[in-house]
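Q: Okay, handing you the structure first.
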Amino acid sequence: MKWFAFFLFFFSWNVAQVQSDKNLLLKKANEELQYNPDKSQETATYILNNFPDKLSQSEAQFIFVKSLYYQNQLLRMFEQMTNSALPDDNNYILFSSIISSLGIKPEYYFENIKNSEIQYFEDLQTLTEARKYNDAKKIIRQLISATTIKNTPALREYWVSFLDAIPEDQIIFFKPEILKIVALYPKDKEFILESIGLLIKENKLSDADNLLKNFVSDSIKATTNVRLKRRYFDTLIKFDFSKGEKGDYIKNKENRNNLDAEIDEEIIKARSNWFALMEKNNQHKTENTIYKSRWVLAGIVLGLLSVIIIFVIRLLQQKSQYKQFEAFQKKIASFSEKKTVANTISEKAENVLLNKLDKFEISNDFLNPDLSLQMLAKKLDTNTKYLSETINNHKQKNFNAYINELRINYILIKLQNEPVYRNYKIKYLAEESGISSHSLFASIFKTVTGMSPMIYIKFLNEKEA
Numbered sequence: 000m001k002w003f004a005f006f007l008f009f010f011s012w013n014v015a016q017v018q019s020d021k022n023l024l025l026k027k028a029n030e031e032l033q034y035n036p037d038k039s040q041e042t043a044t045y046i047l048n049n050f051p052d053k054l055s056q057s058e059a060q061f062i063f064v065k066s067l068y069y070q071n072q073l074l075r076m077f078e079q080m081t082n083s084a085l086p087d088d089n090n091y092i093l094f095s096s097i098i099s100s101l102g103i104k105p106e107y108y109f110e111n112i113k114n115s116e117i118q119y120f121e122d123l124q125t126l127t128e129a130r131k132y133n134d135a136k137k138i139i140r141q142l143i144s145a146t147t148i149k150n151t152p153a154l155r156e157y158w159v160s161f162l163d164a165i166p167e168d169q170i171i172f173f174k175p176e177i178l179k180i181v182a183l184y185p186k187d188k189e190f191i192l193e194s195i196g197l198l199i200k201e202n203k204l205s206d207a208d209n210l211l212k213n214f215v216s217d218s219i220k221a222t223t224n225v226r227l228k229r230r231y232f233d234t235l236i237k238f239d240f241s242k243g244e245k246g247d248y249i250k251n252k253e254n255r256n257n258l259d260a261e262i263d264e265e266i267i268k269a270r271s272n273w274f275a276l277m278e279k280n281n282q283h284k285t286e287n288t289i290y291k292s293r294w295v296l297a298g299i300v301l302g303l304l305s306v307i308i309i310f311v312i313r314l315l316q317q318k319s320q321y322k323q324f325e326a327f328q329k330k331i332a333s334f335s336e337k338k339t340v341a342n343t344i345s346e347k348a349e350n351v352l353l354n355k356l357d358k359f360e361i362s363n364d365f366l367n368p369d370l371s372l373q374m375l376a377k378k379l380d381t382n383t384k385y386l387s388e389t390i391n392n393h394k395q396k397n398f399n400a401y402i403n404e405l406r407i408n409y410i411l412i413k414l415q416n417e418p419v420y421r422n423y424k425i426k427y428l429a430e431e432s433g434i435s436s437h438s439l440f441a442s443i444f445k446t447v448t449g450m451s452p453m454i455y456i457k458f459l460n461e462k463e464a
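Numbering-wise, numbering that gives the first Met the number 0 puts 32 at position 33 of the sequence shown, and it's gapless, one number per residue.
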């Protein structure tokens, strides 16, 4: 009996010790996550390999995925996400927020969005892009009230994406909400930098300077958190610009731009990889569904007939738009055709300039968002008067309309030849084309094609179906 009591005591003590060790490891991984996500990744890997219980696996997976995201290792992160079991609520929110921050709609990962916070954030993004800021504020208040100690870490990336999406001219308008969001993460370095950015916007440079001094530049430079490092240099750029520190501004902007290029390059590769994975998974699901559902073939046929009837009705309703689409398809096929119109420039100078414009159109230099008439004239070794007159006579439009049409044509060709682009959000298509905002891109797209981007993509998919 004494031996049994001793065994029971020893077993209980051992279980408690193991639990204590795991908690210490999780605490350490969370503490290192912002500055040293590579070390957090190592700790999370150890927990995943040595603590098989469901709770430990879930907590370690959360840290592991987040650490890869901070290190900009997106391909490996996607691999971990797709190979994981059905996530719990916190991981579910984290995965969705990361996917959304990369310009991918969460429903491409989760077939049914059943989490209210995720839906709120998707609505918030839509309202912000549509510049419906008063409605956006209402959603923010609902989200802040729904943010708890339990889900605060999971919602973090959603809040970061929202703060990044606030237009520069609306930061003061959203100041009360920004302060409340920052207060949810009082020790988080990225949110501290956000509050510093607010001080800079209010021209409280002395207060901003005092807070910036708490960031040790050597620690920032050494961190493996690419996103924290990028936000730090972005804040320094704003600070240097406000103080008129031209030398520091140029140096920090170069650092920020290098990080942007590194992040964007990984995002582009990750998106393509992601949609390939989803397409493969969907193909397997479709094959399994067909195999398991043959006994309800009659119901499927009836369902298909209903879909066809609805489809025909919608086609009739959209007949005028579809005619516009067909007409524009012909226009895409004739992008390379040139028209000859008389002008006041000498024939020799005209031919030289037209040849240079042809090369310019092939080079995709028009994707530069800072491109101007003066910049292009200098690049083509001519003056603005000759360039403007040549564009007006031979392109039948002014400079801005010419550049914008080239940008839209570039996106149209991408949509036609690379179907993965049809899954991107509008703001990413705008960035890809060199157009400064989601709303401006949509307006120019409709001016050029006669329809919105969403309707055009819909018709394109229907035509190829």
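Ideal Cβ positions, reconstructed from N, Cα and C, are used throughout, including at glycine.
(1) Please list, in chain order, all residues of the same chain as P452 whose beta carbon is under 7 Å from its beta carbon, the five residues on each side excluded.
(2) Which residues in the same chain as N254 place their Cβ atom closer than 6 Å to its Cβ, once the five residues preceding and following it in sequence are excluded?
(3) Quick one: give me the first and last residue of the alpha helix (DSSP H) that E417 is part of.
(4) With distances taken between CB atoms, is the gap from S362 to L372 smaller than 8 Å?
(5) Would you check if there are 3 or more beta carbon pairs closer than 8 Å linking the stretch 33-50 to the stretch 232-249?
(6) Since N224 contacts Q33 with CB under 8 Å, what's their CB separation in whole angstroms?
(7) Taking the CB atoms as reference points, tell me whether I266 and L74 lie closer together than 8 Å.
(8) Report yes if the C-beta distance between I46 and L24 is below 8 Å; otherwise report no.
(9) Relative to the alpha-carbon of V21, which residue among E30, F214, A59, L211 has its alpha-carbon at the smallest distance?
(10) Which value, in whole angstroms, describes the spacing of the CA atoms of L459 and K378?
(11) Assuming I170 contacts L197 (C-beta within less than 8 Å), just tell me the rounded distance between them.
(12) How should S432 be labelled, buried or exposed, when 16 other C-beta atoms within 10 angstroms of its C-beta is the threshold for buried?
(13) When the Cβ atoms of the stretch 142-151 are set against those of the stretch 187-195, are three or more pairs found closer than 8 Å?
(14) Our contact map puts R229 next to L210 with C-beta atoms below 8 Å; I'd like the distance itself, whole angstroms only.
(15) Where does I249 land, buried or exposed, given buried means 16+ other C-beta within 10 angstroms?
(16) So R270 and L101 are supposed to be a Cβ contact under 8 Å. How far apart are they, rounded?
(17) Buried or exposed: which applies to K53, given that a residue is buried once 16 or more other Cβ atoms fall within 10 Å of its Cβ?
(18) Note down, in chain order, each residue of its chain lying with its Cβ closer than 6 Å to the Cβ of K199, except the 5 sequence neighbours on either side.
(19) Measure the beta-carbon distance from E156 to S96 and round it to whole angstroms, keeping in mind my assumption that it falls under 8 Å.
(20) If you measure between the beta carbons of N35 and F61, is that distance less than 8 Å?
(21) Compute the Euclidean distance between the alpha carbons of I103 and N354, then round it to the nearest angstrom.
(22) With respect to the alpha helix (DSSP H) encompassing M453, which residues constitute its N-terminal and C-terminal limits?
(23) What do you reckon, are the CB atoms on F120 and L142 nearer than 8 Å?
(24) By DSSP, does Y69 sit in helix, in strand, or in coil?
(25) Closest to A135 by C-alpha separation, out of E176, Y385, T147, S115, would be which residue?
(26) Measure how close the beta-carbons of Y409 and L366 come, nearest whole angstrom, since I'm counting them as under 8 Å.
(27) Below 7 Å CB to CB, which residues in the same chain sit around V340 once its five sequence neighbours on both sides are set aside?
(28) Starting from the N-terminal side, write out each stretch of the beta strand (DSSP E) that is 3 residues or longer and does not extend beyond the stretch 95-181.
(29) According to DSSP, is Y427 helix, strand or coil?
(30) Roughly how many whole angstroms lie between the Cα atoms of L204 and I165?
(31) Using a Cβ-Cβ cut-off of 6 Å (strictly less than) and excluding sequence neighbours within five positions of L356, which residues of its own chain qualify?
(32) If you drop the 5 nearest sequence neighbours on each side, which residues of the same chain put their C-beta closer than 8 Å to that of I407?
(33) State the Cα-Cα distance for the pair K457 and R130, rounded to the nearest angstrom.
(34) Here's a check: name, in chain order, each residue in its chain whose Cβ is nearer than 8 Å to the Cβ of F77, leaving out the five neighbours to either side.
(35) Measure the beta-carbon distance from I138 to W158 and round it to whole angstroms, keeping in mind my assumption that it falls under 8 Å.
(36) Within 10 angstroms of its Cβ, does Q70 collect 16 or more other Cβ (buried), or is it exposed?
A: Looking at the atomic coordinates:
(1) I425, L428, A441, F444
(2) F232
(3) Per DSSP, E417 belongs to no alpha helix (DSSP H) and is neither H nor E.
(4) no
(5) no
(6) 6 Å
(7) Result no, Cβ atoms of I266 and L74 do not sit closer than 8 Å.
(8) yes
(9) First, the amino acid is wrong: residue 21 is Lys here, not Val. Closest by C-alpha distance to K21, out of E30, F214, A59, L211, is A59.
(10) 36 Å
(11) 7 Å
(12) buried
(13) no
(14) That pair is no contact at about 18 Å.
(15) Its Cβ having fewer than 16 others within 10 Å, I249 is exposed.
(16) 6 Å
(17) exposed
(18) In the sequence as displayed, the identity of residue 199 is Ile instead of Lys. Only A207, K237, F238, S241 meet the Cβ criterion.
(19) 4 Å
(20) no
(21) 40 Å
(22) Residues 452-463.
(23) yes
(24) Here Y69 sits in helix by DSSP.
(25) E176
(26) 7 Å
(27) Here V340 scores only 44 on pLDDT, less than 50, and its place in the model should not be relied on; the value that follows carries that caveat. Within the same chain, V340 has close Cβ partners N392, H393.
(28) none
(29) helix
(30) 21 Å
(31) Counting only Cβ-Cβ distances below 6 Å, and skipping sequence neighbours, we find nothing.
(32) S432, I443, F444, V447, T448
(33) 24 Å
(34) The answer, listed in chain order, is A269, N272, W273, L276.
(35) Their Cβ separation, rounded to whole angstroms, is 12 Å, which puts I138 and W158 out of contact at 8 Å.
(36) buried
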